[in-house]
Amino acid sequence: MHRLIERLYPICRSVAGEGVRQTLDILGEMIPLERYEVPSGTPVLDWTVPREWNIRDAYVADAAGRRVIDFRALNLHVVSHSVPVRARMSLDELRPRLHTLPEFPDRVPHRTSYFSEDWGFCLRHRDLEALEPGEYEVVIDSTLEDGSLTYAECVIPGERRDEVLLSTHICHPSLCNDNLSGIALATFLARHLLDRPNQLSYRLLLIPGTIGSITWLARNGDKLEHIRGGLVLSTAGDAGPLHYKRTRSGASEIDRAVIHSLVHSGKPYDVRDFEPYGYDERQYSSPGFGLEVGSLTRTPYGRFDEYHSSADDLDFVQPASLADTLAQHIAALEILDGDGTYRNLCPFGEPQLGRHGLYAALGGRKGDRSAEVAVLWVLNFSDGDHSLLEIADRAGLPFAAIRKAADALLDVGLIERIA
Ligand code: ZN
Numbered sequence: 141m142h143r144l145i146e147r148l149y150p151i152c153r154s155v156a157g158e159g160v161r162q163t164l165d166i167l168g169e170m171i172p173l174e175r176y177e178v179p180s181g182t183p184v185l186d187w188t189v190p191r192e193w194n195i196r197d198a199y200v201a202d203a204a205g206r207r208v209i210d211f212r213a214l215n216l217h218v219v220s221h222s223v224p225v226r227a228r229m230s231l232d233e234l235r236p237r238l239h240t241l242p243e244f245p246d247r248v249p250h251r252t253s254y255f256s257e258d259w260g261f262c263l264r265h266r267d268l269e270a271l272e273p274g275e276y277e278v279v280i281d282s283t284l285e286d287g288s289l290t291y292a293e294c295v296i297p298g299e300r301r302d303e304v305l306l307s308t309h310i311c312h313p314s315l316c317n318d319n320l321s322g323i324a325l326a327t328f329l330a331r332h333l334l335d336r337p338n339q340l341s342y343r344l345l346l347i348p349g350t351i352g353s354i355t356w357l358a359r360n361g362d363k364l365e366h367i368r369g370g371l372v373l374s375t376a377g378d379a380g381p382l383h384y385k386r387t388r389s390g391a392s393e394i395d396r397a398v399i400h401s402l403v404h405s406g407k408p409y410d411v412r413d414f415e416p417y418g419y420d421e422r423q424y425s426s427p428g429f430g431l432e433v434g435s436l437t438r439t440p441y442g443r444f445d446e447y448h449s450s451a452d453d454l455d456f457v458q459p460a461s462l463a464d465t466l467a468q469h470i471a472a473l474e475i476l477d478g479d480g481t482y483r484n485l486c487p488f489g490e491p492q493l494g495r496h497g498l499y500a501a502l503g504g505r506k507g508d509r510s511a512e513v514a515v516l517w518v519l520n521f522s523d524g525d526h527s528l529l530e531i532a533d534r535a536g537l538p539f540a541a542i543r544k545a546a547d548a549l550l551d552v553g554l555i556e557r558i559a
């Protein structure tokens, strides 16, 4: 995952343009992607698809021709979606166009002007303070023209039509935790799901933030009825503990599955309620759509001070954190995928487990009755009203133990699945 992030890091992405396409080209080597292009100017819900932005070079050079701000050194140096500029101006004239982080004088901030005609540069506050008065050459060799917004989907069909939505934004330039870590997580999660049989279907969206989810929602109303819930993938690589942001209802099966997996992970974690602020869960969960979309991250949106600055770099995301976030997503989705509701076919008194061969089937060490206890929980609560995950939560047992007990009971015909 870290190697993929390294490969994607230099590409100058924005909400629409070649950077997104180059990124999808690379991801397309690893997972099958269906790509869509939506023309600039297309109305999407209350928004309009913007023009595409492409950039070759940008710099501010001093009187000696020395580049004092250089896009080629770091793409964050240019305000994303800056209109083209070729000018000479004094430092005083240029000054309002220069953005810094005075509280972190060695970091370059990330700024955008997606929906207004503007331009600017971002630099280290320390470098700004070192600029001499005088005349500067200012060049932004960019184009902001009609083109299209690009997004991609990877659909992984399962036994059932019911879908889990997995979404990540793909619009940030050289920024790692937000959001190359989400892209790497999405790609490796898709590879895992492609590699195994699934009950549920999965739909992975690789979209520019906000305008991308709005565009997808505007075009895919017919898909929504199959979506059982979803997760927005981002900030997957910093060293902070796992952090789950609940869905809008806070009580959907996606919430239950993720929180169950965290409770039984043995690792520190935090859970917080939904708020209409953050990433694309805001769009999926807007009241007209009301999809149950949560987000399992490490340190959340905006809560790390490297956020949207050059300090969110390749060192800020760690392979061990990325691997752990991936494993936790796999654990949560395995629960969601393996859940189901069953009916006890021998509900009058407990069935005699030994007579049905269940002791042998469950094995277990002598004196260890945990497998038998799991069987008794499944038998008692398989009344058609409780899913296996609800039973696991109520029993305080890991989902895998309850699932295993249900499989053993299914094998001997003591329970049946309810559609
Ligand atoms: Zn961001």
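With the numbering used here, letter number 27 in the sequence shown gets 167, and the count goes up by one each step, no holes.
Ideal Cβ placement from N, Cα and C applies to all residues, glycine included.
A quick note: this is a predicted structure, and the numbers were derived from the prediction, not measured.
- [ ] Tell me whether Asp445 counts as near ligand 1, meaning its Cβ is closer than 6 angstroms to at least one heavy atom of that ligand.
- [x] Reading the sequence shown from its first residue, position 305 is the one you call residue 445. Not so, every heavy atom of ligand 1 lies at least 6 angstroms from the Cβ.
Task: For Arg175, three-class secondary structure by DSSP - done: What you label residue 175 is simply residue 35 of the sequence shown in a count that begins at 1. The answer is strand: DSSP assigns Arg175 an E or B state.
Task: Same chain, Cβ closer than 7 angstroms to Ser461, five either side skipped, listed in chain order - done: Your numbering for residue 461 matches position 321 in the sequence shown. Taken in chain order, the residues that qualify are Gly377, Asp378, Ala379, Arg438.
Open item on the list: I'd like the span of the beta strand (DSSP E) that includes Asn194, first residue to last.
Closed with: Residue numbering aside, residue 194 sits at position 54 when the sequence shown is read from its first letter. Run containing Asn194: 192-201, per the beta strand (DSSP E) assignment.
Task: Helix, strand or coil at Asn360 according to DSSP, with G and I counted as helix - done: As a working note, residue 360 is residue 220 in the sequence shown. Coil.
Open item on the list: DSSP three-state label for Asn317, please.
Closed with: Within the sequence shown, the letter at position 177 stands for residue 317. DSSP places Asn317 in helix when its eight states are reduced to three.
Open item on the list: Distance check for Arg191 and Tyr342, CA to CA, integer angstroms please.
Closed with: Position 202 of the sequence shown, counted from the first residue, corresponds to residue 342. Position 51 of the sequence shown, counted from the first residue, corresponds to residue 191. Roughly 30 angstroms separates the two Cα atoms.
- [ ] Could you tell me if Glu421 is buried or exposed, where buried requires 16 or more neighbouring beta carbons within 10 angstroms of its beta carbon?
- [x] The residue given as residue 421 occupies position 281 in the sequence shown. Buried, since its Cβ has 16 or more Cβ neighbours within 10 Å.
TODO: Below 7 angstroms CB to CB, which residues in the same chain sit around Ile558 once its five sequence neighbours on both sides are set aside?
DONE: Residue mapping note: residue 558 aligns to position 418 of the sequence shown, counting from 1. Once the five neighbours on either side are set aside, the close Cβ partners of Ile558 are Thr481, Tyr482, Arg483, Gly524.
TODO: Look up Pro183 in the DSSP assignment and say whether it is helix, strand or coil.
DONE: Here the question's residue 183 lines up with position 43 in the sequence shown. Correct three-state label for Pro183: strand.
Task: Enclosing beta strand (DSSP E) for Lys544 [first to last residue] - done: In the sequence shown, the residue the question calls residue 544 occupies position 404. First-last for Lys544: 539-551, but that is the alpha helix (DSSP H), not the beta strand (DSSP E).
Open item on the list: Suppose the cutoff is 6 angstroms on Cβ atoms and the five residues either side in sequence are ignored; what does the same chain contact list for Glu277 look like?
Closed with: To locate residue 277, count along the sequence shown from 1; it is residue 137. Result list for Glu277: Ala201, Arg228, in chain order.
- [ ] Compute the minimum distance between the beta carbon of Asp318 and the heavy atoms of ligand 1, and state whether it is under 6 angstroms.
- [x] As a first step, residue 318 is located in the sequence shown; it is residue number 178 there, counting from the start. Yes, ligand 1 has a heavy atom inside 6 angstroms of this Cβ.
Open item on the list: Between which residues of its own chain and Thr396 is the CB-CB distance below 6 angstroms, once the five residues before and five after are set aside?
Closed with: In the sequence shown, counting from the first residue as 1, residue 396 sits at position 256. The sequence shown places Arg at residue 396, not Thr. Once the five neighbours on either side are set aside, the close Cβ partners of Arg396 are Leu529.
- [ ] Enumerate, from N- to C-terminal direction, the unbroken alpha helix (DSSP H) stretches of 4 or more residues contained entirely within the stretch 197-249.
- [x] 231-234, all fully within the stretch 197-249.
Task: alpha helix (DSSP H) segment containing Tyr424, residue limits - done: Residue 424 sits at position 284 when you count from the first residue of the sequence shown. Tyr424 -> alpha helix (DSSP H) spans 421-424.
- [ ] Please list, in chain order, all residues of the same chain as Ser450 whose beta carbon is under 7 angstroms from its beta carbon, the five residues on each side excluded.
- [x] The residue labelled residue 450 in the question sits at position 310 within the sequence shown. Cβ within range, chain order: Leu214, Leu216, Arg247, Val248.
- [ ] Determine the extent of the alpha helix (DSSP H) in which Asp533 is found, giving its start and end residues.
- [x] Here residue 533 corresponds to residue number 393 of the sequence shown, with the count starting at 1. Residues 528-535.
Task: One or two residues paired with Ala292 in a DSSP bridge - done: What you label residue 292 is simply residue 152 of the sequence shown in a count that begins at 1. According to DSSP, residue pairing for Ala292 in a beta bridge involves Arg175, Leu346.
- [ ] Under the assumption that Glu432 contacts Ser392 (Cβ atoms under 8 angstroms), give the Cβ distance between them as a whole number of angstroms.
- [x] What you label residue 432 is simply residue 292 of the sequence shown in a count that begins at 1. What you label residue 392 is simply residue 252 of the sequence shown in a count that begins at 1. About 4 angstroms separates the two Cβ atoms, so the contact holds.
Open item on the list: Quick check: what's the CA-CA separation for Leu346 versus Asp165?
Closed with: As a first step, residue 346 is located in the sequence shown; it is residue number 206 there, counting from the start. As a first step, residue 165 is located in the sequence shown; it is residue number 25 there, counting from the start. Distance between the alpha carbons of Leu346 and Asp165 is about 12 angstroms.
TODO: For Arg251, name the three-state secondary structure that DSSP assigns.
DONE: Along the sequence shown, one-based indexing puts residue 251 at 111. It is coil, neither helix nor strand.
TODO: State yes or no: is the C-beta of Val372 within less than 7 angstroms of the C-beta of Ser307?
DONE: Start at 1 with the first residue of the sequence shown, and residue 372 comes out as number 232. Start at 1 with the first residue of the sequence shown, and residue 307 comes out as number 167. Taking 7 angstroms as the cut-off, the beta carbon of Val372 is found closer than this to the beta carbon of Ser307.
Open item on the list: Against chain C, with Cβ distances strictly below 7 angstroms, would Thr290 count as a contact?
Closed with: Absent from the structure: chain C. Only one protein chain is present.
TODO: Thinking Leu319 and Ser374 are a contact (beta carbons under 8 angstroms), I'd like their distance in whole angstroms, please.
DONE: Looking up residue 319 in the sequence shown gives position 179. Looking up residue 374 in the sequence shown gives position 234. A small fix is needed here, since residue 319 is Asn in this sequence, not Leu. The Cβ separation is near 5 angstroms, so the contact holds.
TODO: Could you tell me the boundaries of the beta strand (DSSP E) in which Asn484 lies?
DONE: Along the sequence shown, read from residue 1 onward, the residue named residue 484 stands at position 344. Residues 481-484.
- [ ] Go to Leu305, then tell me how far its beta strand (DSSP E) extends in each direction, as first and last residue.
- [x] On the sequence shown, position 165 is the one that residue 305 refers to. That run of the beta strand (DSSP E) goes 303-309.
Open item on the list: Between the alpha carbons of Ala535 and Trp517, how many angstroms are there, rounded?
Closed with: To locate residue 535, count along the sequence shown from 1; it is residue 395. To locate residue 517, count along the sequence shown from 1; it is residue 377. Distance between the alpha carbons of Ala535 and Trp517 is about 7 angstroms.
Open item on the list: Quick check on DSSP: helix, strand or coil for Ser341?
Closed with: By 1-based counting over the sequence shown, the position of residue 341 is 201. Look at Ser341 here: in three-state DSSP terms it is strand.
Task: Same chain, Cβ closer than 7 angstroms to Tyr419, neighbours up to 5 away in sequence not counted - done: As a first step, residue 419 must be located in the sequence shown, where it is residue number 279. Within the same chain, Tyr419 has close Cβ partners His309, Gly349, Val372, Ser374, Ser435, Tyr441.
Open item on the list: Below 6 angstroms, is the gap between the Cβ of Val372 and the nearest heavy atom of ligand 2?
Closed with: In the structure on display, ligand 2 does not appear, and the ligands it does have are ligand 1.
Open item on the list: Going by DSSP, what residue range makes up the alpha helix (DSSP H) through Val457?
Closed with: Here residue 457 refers to the residue found at position 317 of the sequence shown. Unbroken run through Val457: none, as it is neither H nor E.
Open item on the list: Let me make sure I understand the geometry here. Which of Thr182, Leu173, Ser222, Tyr176 has the alpha-carbon closest to that of Asp197?
Closed with: Numbered from 1 along the sequence shown, position 57 holds the residue referred to as residue 197. The shortest C-alpha separation from Asp197 is found at Ser222.
Task: Limits of the unbroken beta strand (DSSP E) element including His383 - done: Stepping through the sequence shown from its first residue, residue 383 is reached at position 243. Membership of His383 in the beta strand (DSSP E) is indicated by the continuous run 382-385.
- [ ] Identify whether Val513 lies in helix, strand or coil by the three-state DSSP scheme.
- [x] Here residue 513 refers to the residue found at position 373 of the sequence shown. Helix at Val513.
- [ ] Using three-state DSSP, classify Val398 as helix, strand or coil.
- [x] Against the sequence shown, residue 398 aligns to sequence position 258. Here DSSP, grouped into helix, strand and coil, assigns Val398 to helix.
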